[in-house]
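> Residue numbers (mature numbering (1 follows the signal peptide of the UniProt record, and there is no 0)): -27 to -1, 1 to 328.
For each residue, glycine too, the CB sits at the ideal point set by N, CA and C.
For clarity, every value in this text was computed on a predicted model and none was experimentally measured.
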Amino acid sequence: MQTVRRFAFLALTCSVIGLSHSSSASADSANPQRSLMQVVSFGDSLSDVGTYAYARQFGGGAYTTNPGAISVQVIAEHYGSGLTPALTGGFGQPSVVHPEGLGYAQGGARVAGPPNPGDATGDTGELQTPLTSQVAAYLQSHTRFTGKQLVLMQGGANDVQDAYGAWAGMVANGGEPAASLQAVLPSLRQAAQQFAELVHNVQQHGATHIVVQNVPDISKAPIANLLDQQLPGSSKVLRRLARVFNTALDDALPSSSAVLRIDAFTFIDEVSENYRQLGFRFDGSIGTNVACAPANLPPAFQADDTSALFCSRSTYVSPHADNLYMFADAYHPTTHLQKLIADYVVVQIDTWLHE
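#1: Excluding the five sequence neighbours on either side, which residues of its own chain have a C-beta within less than 7 Å of the C-beta of LEU56, listed in chain order?
#2: Quick one: complete alpha helix (DSSP H) runs, 4+ long, within the segment 187 to 229?
#3: Within its chain, find whatever has a CB closer than 8 Å to the CB of HIS303; leave out the 5 residues flanking it on each side and keep chain order.
#4: Quick one: give me the first and last residue of the beta strand (DSSP E) that SER14 is part of.
#5: Three-state secondary structure (DSSP) at GLN122?
#6: By how many angstroms is the C-alpha of MET10 removed from the C-alpha of SER54?
#7: By the three-class DSSP mapping on this structure, what secondary structure does residue 341 have?
#8: Can the beta-carbon of GLY86 be found less than 8 Å from the beta-carbon of ASP132?
#9: For the alpha helix (DSSP H) holding PHE46, just list the boundary residues, first then last.
#10: Helix, strand or coil: which one does DSSP assign to THR61?
#11: Return the residue from the list GLY129, ASP295, LEU123 and VAL108 that minimises the CA-CA distance to THR181.
#12: With the cut-off set at 8 Å, would you say PHE255 and MET299 are in Cβ contact?
#13: For GLY76, which beta-bridge partners are listed by DSSP?
#14: Considering Cα atoms alone, identify which of LEU310, ALA273 and LYS121 is closest to ILE183.
#15: What does the alpha-carbon distance come out to for the pair PRO159 and GLY147?
#16: Can you tell me whether ARG249 is buried or exposed? The criterion is at least 16 other CB atoms within 10 Å of its CB, across all chains shown.
#17: From this set, PRO67, TYR25, CYS284 and HIS115, which residue's C-alpha is nearest ALA78's C-alpha?
#18: DSSP state of TYR25, grouped into three classes?
#19: With which residues is GLN127 paired in a DSSP beta bridge?
#20: Rounded to the nearest angstrom, what separates THR308 and ALA266 at their Cα positions?
#21: Rounded to the nearest angstrom, what separates SER207 and HIS327 at their Cα positions?
#22: To which residues of the same chain is ASN39 closer than 7 Å at the C-beta, ignoring the five residues directly before and after it?
#23: Using DSSP's beta-bridge definition, name the partner residues of ARG234.
#24: Give the secondary structure of PRO87 by DSSP, where H, G and I count as helix, E and B as strand, and everything else as coil.
#25: Can you tell which of TRP140, PRO88 and ALA151 has its C-alpha closest to the C-alpha of LEU161?
#26: Under the three-state reduction of DSSP, which class applies to TYR36: helix, strand or coil?
#27: Hey, which unbroken runs of the alpha helix (DSSP H) at 4 residues or more fall wholly within the segment 144 to 189?
#28: Roughly how many angstroms lie between the CA atoms of PRO103 and PRO306, to the nearest whole one?
#29: To the nearest whole angstrom, what separates the beta carbons of LEU211 and ILE191, a pair I think is in contact under 8 Å?
#30: Which residue marks the beginning of the beta strand (DSSP E) containing VAL70, and which one marks its end?
#31: If I measure Cβ to Cβ from SER68 and keep anything under 8 Å in the same chain, skipping five residues before and after, which residues do I get?
#32: Am I right that THR119 and GLY179 are in contact with their C-beta atoms under 8 Å? What's the rounded C-beta distance?
#33: Name the two residues that bound the continuous alpha helix (DSSP H) containing ALA294.
#34: Who are PHE255's beta bridge partners in DSSP?
#35: Run through DSSP, which three-state label would ASN247 get?
#36: Given ASP201, which residues of its chain have a CB within under 8 Å of its CB, disregarding the five upstream and five downstream residues?
Right, here's the structure in full:
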């Protein structure tokens, strides 16, 4: 806990004195101690660098307060690497493979499960290619990883949300809440096991620097408050589900110097506890505490009009919403929070690389 708090306030210090990684790129480039590495990324919307190019015409493109960078882009820049999507498509657009792109993460992705049938898939909406298929696509194109690559892996949040949906459905049909919760845990633990196996697979294919980020505490995001209003106790269940996934993942991950574990769950808890000291005016404790107003989307995609994917300066609820709010929408970090996450991760990676 003290370690996380130290990193959180290190990030605060960087923000206050203006030493974000984006503003200090030239200084980094002149630093001979900085490790230059090619960055490869797998994950879900928290790491998606632009799969759904359709959103660009609305000023969006990433799940944040666009045009701000997301954490994996800031991390990649720190190590002298760009990060662009390996594939673009979805929302009625043809899928296009970009061989030079190493950002494989896709919004809506599960660890191994197929796209959720409740979402718009196929030729509309999100593609939601699971992490297992993302890694398979990389290996098909590149065969192996190298020792000069930094492989960023995060996932599980959509699996947690699926488990929550299953629990809520059982309760709505008269199920006892505690028993219903126990019923959904095995599939969640299986997803965590599959994530750990995927990390092992990446290592077996040559990766020597793998950064694994666990599921953030979703109960700190605005969605938890919104769900509590519909079904009391939802926020506690979301927190429990994320903890169960993270514990199962931690237990199953290979014990190896090639794997660095990032505790996003505890970090988000610490930031939420100290949000005013970290420069925010609004945390995620209220469902309406979001930086982005709904976008004006065509009827076919109006279900996504509150998604940060379509957030732009024109939809900010105030001119500096990207810095004042923790969350862009009910789930996703703003530019300010993305930078703090990146700072937190980079400090740990730098220490790890020089051990």
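According to the structure shown:
#1: Within the sequence shown, numbered from 1, the residue matching residue 56 stands at position 83. Contacts found: VAL12, SER14, VAL22, VAL45, GLN46, ALA49, LEU75 and GLY76.
#2: 195 to 203 and 207 to 225
#3: Translated into the one-based positions of the sequence shown, residue 303 becomes position 330. Checking the sequence, you will find Ala at residue 303 rather than His. Closer than 8 Å at Cβ, skipping near neighbours: ALA194, PRO195, ILE196, LEU199, GLY260, VAL263 and THR279.
#4: Residue numbering aside, residue 14 sits at position 41 when the sequence shown is read from its first letter. 11 to 15 is the extent of the beta strand (DSSP E) around SER14.
#5: What you label residue 122 is simply residue 149 of the sequence shown in a count that begins at 1. DSSP places GLN122 in strand when its eight states are reduced to three.
#6: What you label residue 54 is simply residue 81 of the sequence shown in a count that begins at 1. What you label residue 10 is simply residue 37 of the sequence shown in a count that begins at 1. Going from the Cα of SER54 to the Cα of MET10 covers about 7 Å.
#7: The structure shown does not extend to residue 341, since the chain spans only -27 to 328, so no value can be given for it.
#8: Taking the sequence shown and counting its residues from 1, one reaches residue 86 at position 113. Taking the sequence shown and counting its residues from 1, one reaches residue 132 at position 159. Yes, the Cβ-Cβ distance between GLY86 and ASP132 is below 8 Å.
#9: Translated into positions along the sequence shown, residue 46 becomes position 73. Here residue 46 is Gln; the residue named in the question, Phe, does not match the sequence. Segment 44 to 51, the alpha helix (DSSP H) holding GLN46.
#10: Position 88 of the sequence shown holds residue 61. Residue state, collapsed to three classes: strand.
#11: Along the sequence shown, one-based indexing puts residue 181 at 208. Among GLY129, ASP295, LEU123 and VAL108, the Cα nearest to that of THR181 belongs to LEU123.
#12: Counting from 1 along the sequence shown, the entry for residue 255 is found at position 282. Counting from 1 along the sequence shown, the entry for residue 299 is found at position 326. The answer is yes: Cβ separation under 8 Å.
#13: Here residue 76 is taken as the residue at index 103 of the sequence shown, counted from 1. Note: GLY76 sits in a beta bridge opposite SER14 and PRO58.
#14: As a working note, residue 183 is residue 210 in the sequence shown. That would be LYS121, whose Cα lies nearest to the Cα of ILE183.
#15: Numbered from 1 along the sequence shown, position 186 holds the residue referred to as residue 159. Numbered from 1 along the sequence shown, position 174 holds the residue referred to as residue 147. Computed Cα separation, rounded: 21 Å.
#16: Numbered from 1 along the sequence shown, position 276 holds the residue referred to as residue 249. Flag for ARG249 reads exposed.
#17: Your numbering for residue 78 matches position 105 in the sequence shown. Selected option, being the one with the closest Cα: TYR25.
#18: Mapped onto the sequence shown, residue 25 falls at position 52. Of the three classes helix, strand and coil, the one that applies to TYR25 here is coil, per DSSP.
#19: Within the sequence shown, numbered from 1, the residue matching residue 127 stands at position 154. GLN127 pairs with GLN186.
#20: Your numbering for residue 308 matches position 335 in the sequence shown. Your numbering for residue 266 matches position 293 in the sequence shown. Those two C-alpha atoms are separated by around 16 Å.
#21: Walking along the sequence shown from the start, residue 207 turns up at place 234. Walking along the sequence shown from the start, residue 327 turns up at place 354. Going from the Cα of SER207 to the Cα of HIS327 covers about 42 Å.
#22: On the sequence shown, position 66 is the one that residue 39 refers to. The residues are GLY32, GLY33, CYS284 and SER285.
#23: Numbered from 1 along the sequence shown, position 261 holds the residue referred to as residue 234. VAL185.
#24: Along the sequence shown, read from residue 1 onward, the residue named residue 87 stands at position 114. Correct three-state label for PRO87: coil.
#25: In the sequence shown, residue 161 corresponds to position 188, counting from 1. Selected option, being the one with the closest Cα: TRP140.
#26: To locate residue 36, count along the sequence shown from 1; it is residue 63. Three-state result, TYR36: coil.
#27: 150 to 177
#28: Walking along the sequence shown from the start, residue 103 turns up at place 130. Walking along the sequence shown from the start, residue 306 turns up at place 333. Cα to Cα, PRO103 sits roughly 21 Å from PRO306.
#29: For the purposes of this step, residue 211 is taken as the residue at position 238 of the sequence shown. For the purposes of this step, residue 191 is taken as the residue at position 218 of the sequence shown. 5 Å between Cβ atoms; contact.
#30: By one-based count along the sequence shown, residue 70 stands at place 97. Residues 66 to 70.
#31: The residue you call residue 68 lines up with position 95 of the sequence shown. Answer for SER68: LEU60, THR61, GLY62 and LEU100, listed in chain order.
#32: For the purposes of this step, residue 119 is identified with residue 146 of the sequence shown, where counting begins at 1. For the purposes of this step, residue 179 is identified with residue 206 of the sequence shown, where counting begins at 1. Contact holds; Cβ gap of about 6 Å.
#33: Position 321 of the sequence shown, counting from 1, holds the residue named residue 294. Taken as a continuous stretch (DSSP letters only), the alpha helix (DSSP H) holding ALA294 covers 294 to 297.
#34: Taking the first residue of the sequence shown as position 1, residue 255 is located at position 282. TYR298.
#35: Counting from 1 along the sequence shown, the entry for residue 247 is found at position 274. Coil at ASN247, not helix or strand.
#36: Taking the sequence shown and counting its residues from 1, one reaches residue 201 at position 228. For ASP201, where only same-chain residues beyond five positions count, the Cβ hits under 8 Å are SER207 and SER208.
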